[in-house]
Amino acid sequence: MGLEEDIRTVAGRIRDAETVTVISHIDADGITSEAVMMQAVRSSGIPAKSVFVRQLEPMTMKYVPEDDSLKVFVDLGAGQQDLLEERGLDVEEVVIIDHHVPQNTDTPYPQANAQQHGLGYFSAAGMAYLVARQMDAGNPALGMLAKLAVIGNVGDMMAREHCGLVGPARGIAEEGAGFGTVEIRPRELNCYGISTRPVKVCLSYSDDPFIPGISNNEKKAEEFLDKIGIRQRNPNGTWRVWEEYSAEEKGIVMNALAEQMLATGEDPSRLFGEQYIFPEEAFGTPLRNASEYATMLNACGRWAEPRIGSAICLGDRGQMLRDGERMLRHHRTIIREMMEYILDTGTTELTHIQYIHTGGRFPDTIVGIGAGMALSKLDWEKPIMVLSYLNDDPELVKVSMRTNERMVRRGVDLQAALTQASEETGGGGGGHKIAAGAYIPTSAEKEFAHRVNRIIAGQFT
Ligand SMILES: [Mn+2]
12 MGLEEDIRTV
22 AGRIRDAETV
32 TVISHIDADG
42 ITSEAVMMQA
52 VRSSGIPAKS
62 VFVRQLEPMT
72 MKYVPEDDSL
82 KVFVDLGAGQ
92 QDLLEERGLD
102 VEEVVIIDHH
112 VPQNTDTPYP
122 QANAQQHGLG
132 YFSAAGMAYL
142 VARQMDAGNP
152 ALGMLAKLAV
162 IGNVGDMMAR
172 EHCGLVGPAR
182 GIAEEGAGFG
192 TVEIRPRELN
202 CYGISTRPVK
212 VCLSYSDDPF
222 IPGISNNEKK
232 AEEFLDKIGI
242 RQRNPNGTWR
252 VWEEYSAEEK
262 GIVMNALAEQ
272 MLATGEDPSR
282 LFGEQYIFPE
292 EAFGTPLRNA
302 SEYATMLNAC
312 GRWAEPRIGS
322 AICLGDRGQM
332 LRDGERMLRH
342 HRTIIREMME
352 YILDTGTTEL
362 THIQYIHTGG
372 RFPDTIVGIG
382 AGMALSKLDW
392 EKPIMVLSYL
402 NDDPELVKVS
412 MRTNERMVRR
422 GVDLQAALTQ
432 ASEETGGGGG
442 GHKIAAGAYI
452 PTSAEKEFAH
462 RVNRIIAGQF
472 T
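All residue numbers for the sequence shown refer to our numbering, where the first residue is 12 and numbers rise by one.
The structure is reproduced here in structure tokens:
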């Protein structure tokens, strides 16, 4: 079946349901997907509930209710169809909206899956939007749903590789622009934090593009902006953010940065990226652009409050937004503490990687982010591995690895390394070349770093 037909089938099943349970994942893509589906289902007059899970696995299947509602799995499910079969769910009781590699099982659950149709760079929230639009092309909330799909796509890193969304994900952003809920800004600064961070901070945290002399060095970033005559503070003393710069100021900064990169032999093309701004959201807040909005949702999910994120997605700008902002501050504080812990304690260096075991000090849901931030202040040529204990399972150790674009260009592939090493020890892993994770048995933790070090040593071309 083609994509259109799959979308029609899934949308039709949902429209015909008497009650619906949406089961989704706790990251930004999962939360926006859930919000899109809940809005679409409820606006069709169908009662609906939702459930968030950290992962769909035997242990979390208990959260999928045993009732006669239609189970709508979003951002998960495709790769866990065996679990749905084991539960005894039949083909009439399930639809799957996903973008992960599907499992081949006997039951042909209806599925709208980007993977099956060769759609790259397309997240579950994008699929959910296409299903919602199919359910009701006249839904007055489509503009809001398109915006949520943009956040889900950006949150799942779909804009990373090409410095902007491509293909049908870009198409949804254009639909959002048509509704007035999304503003597409091409050739903007390709850095995180354009709506809330002082520009010097934006620049100094940038790892891709890596700007020699400025990345990892806030003081130098500040001097650089001074030198090219950019006024960095507002009259009241607060730091100006990128969104406040005039077109002329932006041009001056971009040109100077490009020159600086060229002078040191770096390709400046990744300095420029497309940004997605939400004009209805308050200026200077994290809801103002797609990547910062996604971080707030990730913060809610990682601290076990995905419902706060979902309520914000669906328009709550009162208590839920205040709670979301609190989650974001908490998230940043703990990540900073973790980064400082890594820097204070120091990593153990092997020939090709560095590693540290943080024990039970930090929740496993943030160690990857903390690792990435610590790496920006450590030897960037050695990918960092952080091992940590899970608070709910003493048998398993969570492994998180981070590297940067420059090492990926030299051949490093963390996903391949962690998948192989964890499978050899009876665990499992996955992710991307630049960032990957795995769960391994506690008994394997001692020599695991050496095992990965050997594999990465072999990846250099
Ligand atoms: Mn996803």
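From the three backbone atoms N, C-alpha and C, an ideal C-beta is built for every residue, glycine too.
Quick one, are the C-beta atoms of residue 48 and residue 33 less than 8 Å apart?
-> As a first step, residue 48 is located in the sequence shown; it is residue number 37 there, counting from the start. As a first step, residue 33 is located in the sequence shown; it is residue number 22 there, counting from the start. Yes; because the gap between Cβ atoms is below 8 Å, this pair is in contact.
Thinking just about the alpha-carbon of each residue, which of 37, 21, 82, 112 is nearest to the one in residue 58?
-> Indexing the sequence shown from 1 puts residue 58 at position 47. Minimum Cα distance to residue 58 is reached at 82.
Shell residues, 5 Å Cβ cut-off relative to heavy atoms of ligand 1 = In chain order, the hits are 40, 86, 134, 135, 167.
For residue 66, which three-state DSSP category applies?
-> Counting from 1 along the sequence shown, the entry for residue 66 is found at position 55. The three-state secondary structure of residue 66, taken from DSSP, is coil.
Let me know the beta strand (DSSP E) ranges lying completely inside the stretch 84-167, each 3 residues or longer, listed in chain order.
-> The qualifying runs are 105-109, 122-124.
For residue 378, the first and last residue of its enclosing alpha helix (DSSP H) = What you label residue 378 is simply residue 367 of the sequence shown in a count that begins at 1. First-last of the alpha helix (DSSP H) with residue 378: 378-386.
3-residue-minimum beta strand (DSSP E) runs that sit fully inside the stretch 16-65, ordered along the chain | Those beta strand (DSSP E) runs which fall completely within the stretch 16-65 and span 3+ residues are 31-36, 59-64.
Please go through the same chain and pick out, in chain order, the residues whose beta-carbon is closer than 7 Å to the beta-carbon of residue 211, but skip the five residues on each side of it.
-> As a position in the sequence shown, residue 211 is number 200, starting the count at 1. The answer, listed in chain order, is 229, 232, 233, 236, 243.
If you follow the alpha helix (DSSP H) that residue 459 is part of, which residue opens it and which one closes it?
-> Here residue 459 refers to the residue found at position 448 when the sequence shown is read from its first residue. Segment 456-468, the alpha helix (DSSP H) holding residue 459.
Report the residue from 435, 452, 428 whose alpha carbon sits nearest the alpha carbon of residue 463.
-> Locating residue 463 in the sequence shown gives position 452, counting from the first residue. Looking at 435, 452, 428, the one whose alpha-carbon comes closest to that of residue 463 is 428.
Figure out for me which residue from 103, 107, 80 has the closest Cα to the Cα of residue 89.
-> Within the sequence shown, numbered from 1, the residue matching residue 89 stands at position 78. If you compare the alpha carbons of 103, 107, 80 with that of residue 89, the shortest gap goes to 107.
Which term fits residue 119, buried or exposed, when burial requires 16 or more other beta carbons within 10 angstroms of its beta carbon?
-> As a working note, residue 119 is residue 108 in the sequence shown. Classification of residue 119: exposed, given that the 10 Å Cβ count is below 16.
What are the uninterrupted segments assigned as alpha helix (DSSP H) that are 4 or more residues long and contained completely in the stretch 171-242, given in chain order?
-> Complete alpha helix (DSSP H) runs here, min 4: 178-190, 210-215, 229-238.
When the distance is taken between beta carbons, is residue 142 closer than 8 Å to residue 123?
-> By one-based count along the sequence shown, residue 123 stands at place 112. By one-based count along the sequence shown, residue 142 stands at place 131. Yes, the pair counts as a contact, with Cβ atoms nearer than the cut-off.
Any chance you could list the alpha helix (DSSP H) runs of at least 4 consecutive residues sitting entirely within the stretch 315-372, in chain order?
-> Segments of the alpha helix (DSSP H) lying fully in the stretch 315-372: 317-324, 330-356.
Could you check the C-alpha separation between residue 345 and residue 258 for me, to the nearest Å?
-> Indexing the sequence shown from 1 puts residue 345 at position 334. Indexing the sequence shown from 1 puts residue 258 at position 247. A direct Cα-to-Cα measurement between residue 345 and residue 258 gives close to 36 Å.
Should the stretch 352-362 be called in touch with the stretch 316-335, which here means at least 3 C-beta pairs below 8 Å?
-> No, the stretch 352-362 is not in contact with the stretch 316-335.
Whole angstroms is fine: what's the gap from residue 98's alpha carbon to residue 466's?
-> Taking the first residue of the sequence shown as position 1, residue 98 is located at position 87. Taking the first residue of the sequence shown as position 1, residue 466 is located at position 455. Cα to Cα, residue 98 sits roughly 38 Å from residue 466.
Can you give the Cα-Cα distance for residue 372 and residue 401, rounded to whole angstroms?
-> Taking the sequence shown and counting its residues from 1, the one referred to as residue 372 is at position 361. Taking the sequence shown and counting its residues from 1, the one referred to as residue 401 is at position 390. When rounded, the distance between both Cα atoms is 10 Å.
Specify the secondary structure class of residue 251 as computed by DSSP and reduced to three states.
-> Indexing the sequence shown from 1 puts residue 251 at position 240. Residue 251: coil per DSSP, three-state reduction.
Three-state secondary structure (DSSP) at residue 73?
-> In the sequence shown, counting from the first residue as 1, residue 73 sits at position 62. The answer is helix: DSSP assigns residue 73 an H, G or I state.
Nearest to residue 22 (by Cα), restricted to the options 146, 157, 86 | By one-based count along the sequence shown, residue 22 stands at place 11. Closest option to residue 22, Cα to Cα, is 146.
Do residue 35 and residue 93 come within 8 Å of each other at the CB atom, strictly closer than that value?
-> Walking along the sequence shown from the start, residue 93 turns up at place 82. Walking along the sequence shown from the start, residue 35 turns up at place 24. No, they are not a contact pair.
Would you mind reading off the limits of the alpha helix (DSSP H) that contains residue 429?
-> Reading the sequence shown from its first residue, position 418 is the one you call residue 429. Looking at the DSSP string, the run of the alpha helix (DSSP H) that includes residue 429 is 425-435.
First through last residue of the alpha helix (DSSP H) which encompasses residue 475 | This structure cannot settle anything about residue 475, because the visible part of the chain is limited to 12 through 472.
Rounded straight-line distance, which links the Cα of residue 451 to that of residue 438 | As a working mapping, residue 438 is identified with position 427 in the sequence shown. As a working mapping, residue 451 is identified with position 440 in the sequence shown. Near 4 Å, if we compare the C-alpha coordinates of residue 451 and residue 438.
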